[in-house]
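I have placed the structure first, in the form of structure tokens, so that the comments after it can refer back to it.
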């Protein structure tokens with residue numbers, strides 16, 4: 020099982036980052052397919068998004084919203100503790 024996690028970081032502000040657990044998926048491929056769905060929802064010239072690869076060779080989505088002065092990161096991580 021994998022979980023889709025969203026982290027929102029406010030730039031140049033004292034706000035604490037927000038962390039949201041969005042939902043769970045049976046496998047990594049289904050979870051990572053949500054990155055493209057989120058990219059398709061981005062509207063406006065002040066928002067840009069891209070799928071990147073981290074140092075562990077895992078995909079993540081980065082969205083920059085200049086109008087609201089924030090960055091949003093989307094990760095798919097394997098669930099360590101899970102009860103059915």
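Numbering (the numbering used here), first residue to last: 20 to 103. Beta carbons are placed, not taken as given, at the ideal position from N, Cα and C, and that holds for glycine.
Between which two residues does the alpha helix (DSSP H) harbouring residue i extend?
i	result
residue 53	47-60
Can you name the start and end residues of the beta strand (DSSP E) that residue i belongs to?
i	result
residue 68	66-72
residue 75	Run containing residue 75: none; DSSP gives neither H nor E here.
Do the CB positions of residue i and residue j come within less than 9 Å of each other?
i	j	result
residue 96	residue 22	yes
residue 54	residue 93	yes
Beta-carbon within less than 6 Å of residue i's beta-carbon, same chain only, minus the 5 sequence neighbours each way: which residues are those?
i	result
residue 38	26
residue 48	none
In chain order, what residues of the same chain lie with their CB nearer than 8 Å to the CB of residue i, ignoring the 5 residues before and after it?
i	result
residue 32	88
residue 71	78, 79, 80, 81
residue 84	65, 66, 90, 91
So is residue i buried or exposed if we call it buried at 16+ other beta carbons inside 10 Å?
i	result
residue 63	exposed
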